[in-house]
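Chains as they are written, first to last, in this note's numbering: chain A, 8 to 415; chain B, 8 to 415. Comments concern the structure below.
Protein chains: 2
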Amino acid sequence: MSDKLSILGNAIVGQSGGPTAAINASLAGVIRAAQAAPEIEHIYGMKNGVEGLVKGVEPINITLSETQLKLLSSTPASALGSCRHKLPEDFDSEEYKKLEEVFDRYNIKYFFYIGGNDSMDTVHKLSEYCKLKGRKLRVIGVPKTIDNDLIGTDHTPGYGSAAKFIAITVQEVLRDCAVYTRPAVTIIEIMGRDAGWLAAAAALPGAISGVAPDYIYLPEKPFDTSSFLNDIKAALNSHPDVVVAVSEGIRDAEGNYIGAALHKGKDVFGNVNLSGVGKALELLVKEQIGCKVRSIELNLLQRCASHAASLTDICESERIGESAVKAALNGETAKMMCFKRKDETEYGIDIISNDVINIANQTKTVPDSYINDCNNYITDECINYMLPLIKGELPVVWENGIPKHFTF
Amino acid sequence: MSDKLSILGNAIVGQSGGPTAAINASLAGVIRAAQAAPEIEHIYGMKNGVEGLVKGVEPINITLSETQLKLLSSTPASALGSCRHKLPEDFDSEEYKKLEEVFDRYNIKYFFYIGGNDSMDTVHKLSEYCKLKGRKLRVIGVPKTIDNDLIGTDHTPGYGSAAKFIAITVQEVLRDCAVYTRPAVTIIEIMGRDAGWLAAAAALPGAISGVAPDYIYLPEKPFDTSSFLNDIKAALNSHPDVVVAVSEGIRDAEGNYIGAALHKGKDVFGNVNLSGVGKALELLVKEQIGCKVRSIELNLLQRCASHAASLTDICESERIGESAVKAALNGETAKMMCFKRKDETEYGIDIISNDVINIANQTKTVPDSYINDCNNYITDECINYMLPLIKGELPVVWENGIPKHFTF
């Protein structure tokens with residue numbers, strides 16, 4: 008019962024894993040709610056996540072105005088710095104002692120961690136550790152990943168903005184590719200090692216303006232090179248400008264990546280492949296079909312393009328950050344905050360919390376009902392799932408032609 | 008004297024060469040001015056430029072409202088389609104007869120052609136042909152190229168928007184790269200085979216917000232791999248997140264491209280190079296320095312990202328299209344319209360016309376005074392030249408989360 012009561016003390020917040028266009032919006036949400044909470048005296052920021060803490064980097068004391076919070080929300084990447092650090096399995100490890108030392112010295116009673124799968128593992132381990140040691144620290148995870156592959160939540164903060172950038176860019180590339188009459192194949196490589204959520208977003212222009220890629224291949228289904236070549240030939244028979252979107256993680260039936268990693272030798276086509284799957288397929292089409300072909304890798308741009316962020320995503324990301332603080336004040340710990348889509352005609356979400364133990368280290372893939380029977384496009388059900396997530400445009404503060412960003 | 012008088016008749020307009028974010032704004036300008044001119048009854052659009060005409064594709068009769076013109080201005084790529092077609096040197100060629108047939112049938116007295124270097128060659132040849140044959144056709148070129156490499160004009164329509172997208176994206180990538188503490192080199196490959204104007208735009212965030220790439224290498228100066236590696240090592244000694252921008256066209260002192268073209272064999276490092284210069288330098292750094300390294304090719308995105316177009320560029324592109332019609336009505340022919348920067352503290356341009364014969368088939372490179380002594384960055388003079396060109400944001404019409412585009 009005592010756990011339900013608020014504890015007076017300080018809070019600490021950190022960011023971890025790959026940057027997104029929305030991870031700072033969740034940070035802004037945590038800071039805003041923490042600043043407003045009478046139970047929390049100071050909100051501290053970890054520099055470079057738990058790695059910074061265990062390495063002895065002092066946290067920073069944060070006080071931000073509403074104007075600064077808004078600017079933080081429209082700033083890409085992790086304003087506090089990030090890390091890829093897994094806490095040890097062994098609770099007697101020195102690392103936990105270092106964390107305890109910081110928590111004591113800064114009187115930390117609330118711990119907020121914004122990140123993806125690995126970061127939720129940190130939330131899980133740290134809350135287990137505190138339970139075991141009887142430490143009164145409330146540990147809450149705030150999800151973030153452009154990959155949208157966390158279970159327990161309808162979607163992840165950061166996905167909507169990445170999907171929007173992909174939809175905008177694919178539409179622009181389709182316009183560009185349509186200007187010539189000479190047959191040409193364009194292959195757009197999109198992030199997503201294990202789940203095809205981002206590549207699926209390439210279909211969105213088709214649902215909105217009617218211009219769409221010819222095919223979309225996701226890692227959820229085995230990629231067959233002869234079917235792919237037949238697909239391309241069929242498309243070239245009907246129009247000259249063939250555009251294809253592929254997840255970087257597509258694999259053959261045996262599970263081998265179609266684009267082998269740098270210096271890992273030859274890919275499944277026997278090419279010395281110095282790049283990703285887009286380049287591998289470019290070479291395949293050039294060799295087997297012989298028409299003009301190019302590949303475009305959206306690369307980091309899809310995760311940091313906050314100049315074109317989804318307003319829906321940024322607002323939800325702020326809200327989920329605020330909700331994390333409310334949940335912690337309400338006595339919750341060992342939780343990840345989640346979006347639950349309302350069961351209504353018009354899109355809306357509730358924010359709930361789920362036990363982080365059920366979430367960490369798992370992957371939510373694109374379900375079968377979202378992929379067509381030929382495994383080369385997505386279904387309307389998938390479109391309807393994605394459409395509301397890219398809606399609205401984040402107001403950007405422009406300064407001499409480029410967005411103004413926040414830095415600590 | 009009779010040439011100074013307006014001729015009653017119809018006008019035709021075409022687009023040629025690679026798409027940009029601003030080529031449709033110039034098209035909108037031509038259409039707007041032609042629709043307003045009492046001397047011009049109809050304005051026709053070539054489909055796929057002169058190639059469409061010589062192949063017998065019928066032009067389309069264009070009537071657009073101001074709302075449609077505005078939407079056209081914010082649509083990337085060439086709404087009329089494009090071509091890469093050089094008119095023959097031989098004026099007795101069948102192609103000219105085909106063009107004459109179209110001009111007669113549609114009573115064409117004004118010919119506007121929006122494009123780059125090769126397109127100005129078309130303007131030049133066609134106006135020479137008309138002069139020789141005594142045909143009363145006024146032929147005016149409207150420049151367009153993201154490469155900014157046309158002589159006779161302060162800058163080219165399309166360059167400002169591409170430079171703005173590069174500046175926005177480089178700033179976002181810099182934020183993304185700054186989140187980790189582990190040493191990593193990021194190489195951004197930017198378009199520009201013969202001139203470094205686009206790569207130079209990577210420096211703009213540094214002048215505005217203070218975050219800048221460590222180095223920028225342009226094709227105007229020989230690229231020395233050992234100097235490059237020394238540059239990288241020096242940067243890694245001062246901070247972990249090293250970011251470099253390179254023009255795709257950088258060459259060694261003997262003029263060999265650092266990144267050899269696809270399937271052209273080995274590059275200057277002896278690598279089997281399946282890609283561009285970014286990938287070649289990525290491999291070099293991995294082999295010679297051994298830290299984490301990635302390359303990012305901005306690819307088509309830099310020429311079609313009209314969602315982030317420069318308002319200055321789009322407005323100027325409309326104006327230069329309108330001016331082309333005024334010049335033709337005023338009796339001019341065999342001209343390319345040009346920007347002349349006003350000699351004032353505050354940025355402004357006049358639009359003038361220059362003889363196209365002095366412009367076609369030449370390349371304007373980045374001058375020495377715009378490049379630093381170490382050949383690895385640009386000077387403040389270059390920054391001051393570029394800064395006004397990226398200013399202002401084109402209002403985008405959004406529809407369900409992506410920009411609405413115009414199509415004929």
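Every residue gets a Cβ at the ideal spot worked out from N, C-alpha and C, and that includes glycine.
query                                                                                                                                                                                  : result
Alpha carbon to alpha carbon, how far is P410 (chain A) from P164 (chain A)?                                                                                                           : 21 angstroms
Roughly how many angstroms lie between the CA atoms of P430 (chain B) and H314 (chain B), to the nearest whole one?                                                                    : In the structure as shown, chain B begins at 8 and stops at 415. Residue 430 (chain B) is therefore absent and cannot be evaluated.
Taking 8 angstroms as the threshold (beta carbon to beta carbon), is R182 (chain A) in contact with chain B?                                                                           : yes
Going residue by residue through the segment 168-218 of chain B, where are the continuous beta strand (DSSP E) segments of at least 3 residues, counting only ones entirely within it? : 191-197
Could you check which residue in A:Y113, A:L60 and A:D99 has the C-alpha nearest to that of H92 (chain A)?                                                                             : A:L60
Taking Cβ positions, are F413 (chain B) and A43 (chain B) nearer each other than 8 angstroms?                                                                                          : no
If you run the structure through DSSP and keep just helix, strand and coil, what is V373 (chain A)?                                                                                    : coil
From what residue to what residue does the alpha helix (DSSP H) around I30 (chain B) run?                                                                                              : I30 to A43
Roughly how many angstroms separate the alpha carbons of K105 (chain A) and I359 (chain A), rounded to a whole number?                                                                 : 32 angstroms
Among the candidates B:Y354, B:G399, B:P374 and B:V404, whose CA atom is the shortest distance from the CA of G406 (chain A)?                                                          : According to the sequence displayed, residue 406 (chain A) carries Glu and not Gly. When only C-alpha atoms are compared, the closest one is B:G399.
For the candidate residues A:G159, A:E48 and A:F415, whose alpha-carbon lies nearest to that of M344 (chain A)?                                                                        : A:G159
Kindly indicate if chain A contains any beta-carbon less than 8 angstroms away from that of S313 (chain B).                                                                            : yes
Interface residues of chain B around E353 (chain A) at Cβ under 8 angstroms?                                                                                                           : Per Cβ cutoff of 8 angstroms: no residues; E353 (chain A) is ~14 angstroms from chain B at best.
Just checking my contact of K424 (chain B) with I385 (chain B) at CB under 8 angstroms: how many whole Å lie between their CB atoms?                                                   : Because residue 424 (chain B) is not part of the residues shown, which for chain B are 8 to 415, the question remains open.
Between which residues of its own chain and G199 (chain A) is the CB-CB distance below 7 angstroms, once the five residues before and five after are set aside?                        : D154, L205, A206, P226, S254, E255 and G256
Would Q178 (chain B) and P212 (chain B) be called neighbours here (beta carbons separated by less than 8 angstroms)?                                                                   : yes
For Q369 (chain A), go through chain B and note every residue whose CB falls closer than 7 angstroms to its CB, in chain order.                                                        : By Cβ distance, chain B contributes nothing, its closest Cβ being about 25 angstroms from Q369 (chain A), past 7 angstroms.
Helix, strand or coil for K411 (chain A) per DSSP?                                                                                                                                     : coil
Can you give me the C-alpha to C-alpha distance between K371 (chain B) and D128 (chain B), rounded to a whole angstrom?                                                                : 16 angstroms
Measuring only the C-alpha atoms, how far is A367 (chain B) from V130 (chain B)?                                                                                                       : 9 angstroms
With the cut-off set at 8 angstroms, would you say A209 (chain A) and I194 (chain A) are in Cβ contact?                                                                                : no
Check each candidate in A:T176, A:R258, A:N55 and A:Y117 and name the one with the smallest Cα separation from D201 (chain A).                                                         : A:R258
Check whether the Cβ of A35 (chain A) lies closer than 8 angstroms to any Cβ atom in chain B.                                                                                          : no
In whole angstroms, what is the alpha-carbon distance linking C381 (chain B) and A29 (chain A)?                                                                                        : 39 angstroms
Using 10 angstroms around the beta-carbon of H162 (chain B), count the other beta-carbons present and answer buried if the total reaches 16, otherwise exposed.                        : buried
Starting from A334 (chain B), trace the alpha helix (DSSP H) in both directions and tell me its first and last residue.                                                                : L318 to L336
Can you give me the C-alpha to C-alpha distance between V64 (chain B) and V109 (chain B), rounded to a whole angstrom?                                                                 : 10 angstroms
Between which two residues does the alpha helix (DSSP H) containing D357 (chain A) stretch?                                                                                            : Run containing D357 (chain A): none in the alpha helix (DSSP H); it sits in the beta strand (DSSP E), I356 to D362.
Below 7 angstroms between beta carbons is the criterion; list the residues of the segment 233-256 of chain B that meet it against any residue of chain A, in chain order.              : none
Using 8 angstroms as the limit for Cβ to Cβ distance, is P83 (chain B) near chain A?                                                                                                   : yes
From which residue to which residue does the alpha helix (DSSP H) around H131 (chain B) run?                                                                                           : N124 to K140
Using Cβ-Cβ distances below 7 angstroms, what residues of the segment 217-231 of chain B are close to chain A?                                                                         : none
In its own chain, which residues sit with a C-beta less than 8 angstroms from the C-beta of K349 (chain A), not counting the 5 before and 5 after it?                                  : G355, I356 and D357
What residues of chain A sit near I175 (chain B), judged by a beta carbon separation below 7 angstroms?                                                                                : H314, I409 and P410
Can you find a C-beta in chain A that's less than 8 angstroms from the C-beta of W405 (chain B)?                                                                                       : yes
Pick from B:Y377, B:L394 and B:P395: whose alpha carbon is nearest that of E388 (chain B)?                                                                                             : B:Y377
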